[in-house]
Amino acid sequence: MKDKRFIEESFPVKEVSEISAKEKNIRHGHISTLHIWWARRPLASSRATSYAALIPAPTDVEEWDKKRQFIIKLSKWESSLNHRMIEKAKKDILNANGGRPLRVLDPFAGGGSIPLEALRLGCEAHAVEYNPVATLILKCTLEYPQKYGKPVKMKTNDSMGWESEVEINPLLEDVKKWGNWVLKEAKKEVGRFYPKDEDGSTPVGHIWARTIPCQNPSCGAEIPLMRQFWLAKKKNKKVALYPYVEGKEVKFKIVGDGYEKMPEGFDPSKGTVSRAIAVCPVCGYMVDANTTRKLFQEGKAGERFVAVVLHKPGTKGKRYRLATERDMEIFKEAEKYLEEKRQKLMDEWGIDPVPDEPTPEGKGRGAERAFSVRNYGLNTYGDLFNSRQKLALITFTEKVRLAYQKMIEEGYNEEYAKAVASYLAFVVDKLASWNSVLCPWLAYKEDNHWIFSRQALPMLWDYGERNPFHGEIVSVRTIKNTLPNISNIPSFAKVTQASATELPYPDNYFDAVFTDPPYYDNVYYSNLSDFFYVWLKRSIGDLYPELFM
């Protein structure tokens with residue numbers, strides 16, 4: 023490629039940037055929904071820049087304008103599935119380079135946007151990545167869908183008994199099949215720890231608050247640490263927890279729309295803690311931030327089950343009630359079963375099923391704030407989950423391992439079964455990221471948020487615990503929406519775990535290198551991805567010994 027490339031002379035930066043910005047709002051079918059990877063490049067800009075770098079600069083003004091307009095159109099989301107447009111782009115690249123597919127390398131492949139778009143444009147794509155979690159994401163984005171997800175036709179009978187021919191994605195069908203099997207088996211075992219209320223309402227969430235003892239010697243009350251007291255804060259629905267004092271005990275009422283009237287002067291947005299400084303609702307004593315951290319480090323902090331979030335089938339919206347002794351008994355039953363199951367799996371796997379790897383120390387530029395959990399005694403990744411969350415996660419993890427074993431017993435090809443199990447492991451990862459003690463309850467959504475609202479693992483005082491058997495967290499919805507969009511690419515990429523400083527390729531092997539290198543320690547990829555590493559190690563680590571040692 024000795025001639026000047028289009029991108030060297032001109033590029034529609036403004037237009038492609040605007041399209042790339044809009045892409046953040048696309049969830050249906052986007053590769054970002056398969057598994058989070060931080061600072062993943064937009065597909066729009068990856069596709070447009072790759073194309074512009076692989077075609078020559080035009081020689082006349084009219085051709086300039088045509089190519090610019092084509093690049094703008096090519097970068098749009100809908101164009102990625104437009105067969106005619108993609109074929110034209112591929113043909114342009116081939117014609118410009120002697121009809122030979124070009125070898126393209128991304129040595130910092132990360133979430134796979136750049137090599138995926140190079141692959142889509144007909145290049146021989148090579149993705150190199152050092153991080154093991156990212157390497158697995160790349161295999162599930164650039165290799166497995168294209169290898170195993172090609173549509174096949176099969177005969178079926180409709181409800182009237184008429185035979186017809188339908189097109190299916192075999193990889194997707196097996197992910198759905200075994201995903202449902204994992205869900206069913208997990209629910210069979212631990213679903214009893216999420217029982218319905220007597221009126222048939224399902225507990226979809228549980229509100230917890232961490233606690234510390236008041237340091238006023240004459241008080242000693244248990245302080246529930248809550249950022250704020252809102253449960254629902256919407257235009258037509260405002261519900262809150264109202265704290266009040268009886269003796270030296272802090273109690274709660276549920277107030278607001280549909281409940282007892284909200285007391286005058288009560289501001290639910292003002293909690294008991296801010297920036298680790300806590301105020302005792304009983305005596306008004308202020309506990310400074312250093313003392314709060316010290317209490318956590320010394321094991322003197324606790325947690326309190328405050329409220330239950332309910333949804334009744336056939337009704338709209340959510341209802342709330344205070345946690346009862348029975349709720350706490352069920353939680354303790356789960357805690358007891360956790361210890362039994364944990365020991366059983368430890369004996370079978372030779373590793374603690376609850377991650378015992380240390381959390382980041384939080385040292386270095388900006389890291390202290392990004393990974394403040396270590397300052398509060400959350401010293402292992404297992405500490406980022408309460409007992410029932412741990413039980414759910416190790417149970418789902420076990421079922422993923424068993425699903426792989428059953429596939430092999432049923433005669434599945436080992437590599438294919440490994441691919442299916444990898445997507446199931448992603449579902450466990452998603453459950454972990456949405457069901458941790460670092461997942462805040464968002465009153466404006468009436469739902470808890472996931473752990474990575476920021477590129478950090480910061481301390482959280484109160485949190486929402488999900489029911490893993492309700493809603494879409496353990497479904498394969500995101501995989502179902504995304505796999506067809508990337509399975510239709512004819513060839514797959516070569517994914518390699520290696521350092522960019524020691525590439526496993528000879529000199530002059532590639533025609534082009536496209537990459538977006540990491541920005542020093544702007545994003546703590548290693549520390550952030552370890553949150554998933556510890557679970558992937560337990561779910562499919564045996565299938566990838568080279569990645570999860």
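According to our numbering, the sequence shown holds residues 23 to 571 in order.
For every residue, glycine included, the Cβ atom is placed at its ideal position computed from N, Cα and C.
Counting pairs of beta carbons, one from the segment 516-532 and one from the segment 56-76, are three or more of them closer than 8 Å? no
Continuous alpha helix (DSSP H) assignments of at least 4 residues falling wholly in the segment 99-184: 105-118, 135-142, 154-164 and 166-170
Would you mind reading off the limits of the beta strand (DSSP E) that contains Ala520? Run containing Ala520: none; DSSP gives neither H nor E here.
Alpha carbon to alpha carbon, how far is Phe418 from Ala140? 36 Å
For Gly563, collect the residues of the same chain with a Cβ closer than 7 Å to its Cβ; drop the 5 residues on either side in sequence, then sort them by chain order. Phe570
Excluding the 5 residues flanking Arg476 on each side, which residues of the same chain have their C-beta closer than 7 Å to its C-beta? none
Secondary structure at Glu187, three-state DSSP: helix, strand or coil? strand
Does any CB atom of chain B fall closer than 9 Å to the CB of Leu138? No chain B is part of this structure, which consists of one protein chain only.
Cut-off 8 Å between Cβ atoms - residues of its own chain near Lys95, not counting five sequence neighbours on either side: Ser101 and Met107
Return helix, strand or coil for Asp533, following the three-state DSSP convention. coil
Going by beta-carbon coordinates alone, are Lys440 and Glu207 separated by less than 9 Å? no
Which partner residues does Leu263 have in the DSSP bridge list? Ile276
Start and end of the alpha helix (DSSP H) containing Pro506? Arg499 to Ser509
Alpha-carbon to alpha-carbon, Arg27 and Leu415: 51 Å
Specify the secondary structure class of Phe288 as computed by DSSP and reduced to three states. coil
Cβ distance (whole Å) where Leu158 is taken to contact Tyr566 below 8 Å: 7 Å
DSSP three-state assignment for Lys257, whether helix, strand or coil: coil
Status (buried if at least 16 other CB within 10 Å, exposed otherwise) for Ser97: buried
Comparing alpha-carbon positions, which option in Gly293, Met481, Pro265 and Pro129 lies nearest Arg391? Met481
Among Arg63, Arg125, Glu325 and Lys257, which one has its Cα closest to the Cα of Pro540? Arg63
Bounding residues of the alpha helix (DSSP H) (the contiguous stretch that carries Gly201): Pro192 to Val212
In whole angstroms, what is the alpha-carbon distance linking Ser551 and Asp533? 31 Å
Leaving out five residues on either side along the sequence, give the residues of the same chain with a beta carbon under 8 Å from the beta carbon of Thr504. Gly51, His52, Ile53, Thr55 and Leu56
Going straight from the alpha carbon of Leu205 to that of Phe318, what length do you get? 35 Å
Given Val126 as reference, the closest of Ala118, Gly144, Gly120 and Asp114 once Cα atoms are compared: Gly144
Count the other CB atoms, across all protein chains shown, that sit within 10 Å of the CB of Gln91; report buried if there are 16 or more and exposed otherwise. exposed
Identify every run of the alpha helix (DSSP H) within the segment 321-399, keeping only runs that are complete inside it and at least 4 residues long; order them along the chain. 347-371 and 389-392
Lys502 to Leu194, Cα distance in whole Å? 6 Å
Given a threshold of 16 other Cβ atoms within 10 Å of its Cβ, counted over all protein chains shown, does Ile190 qualify as buried or as exposed? exposed
Could you check which residue in Asp87, Phe474 and Glu347 has the C-alpha nearest to that of Ser32? Asp87
So what's Arg423 in DSSP terms, helix, strand or just coil? helix
Under a Cβ-count criterion, where at least 16 other Cβ atoms within 10 Å of its own Cβ denotes burial, should Lys559 be classed as buried or exposed? buried
Contact check, Trp483 vs Met248 under 8 Å by CB: the rounded distance? 6 Å
Can you give the Cα-Cα distance for Lys340 and Ala118, rounded to whole angstroms? 59 Å
N-terminal and C-terminal residue of the beta strand (DSSP E) that Asp484 is part of: Asp484 to Arg488
So for Ile473, helix, strand or coil by DSSP? coil
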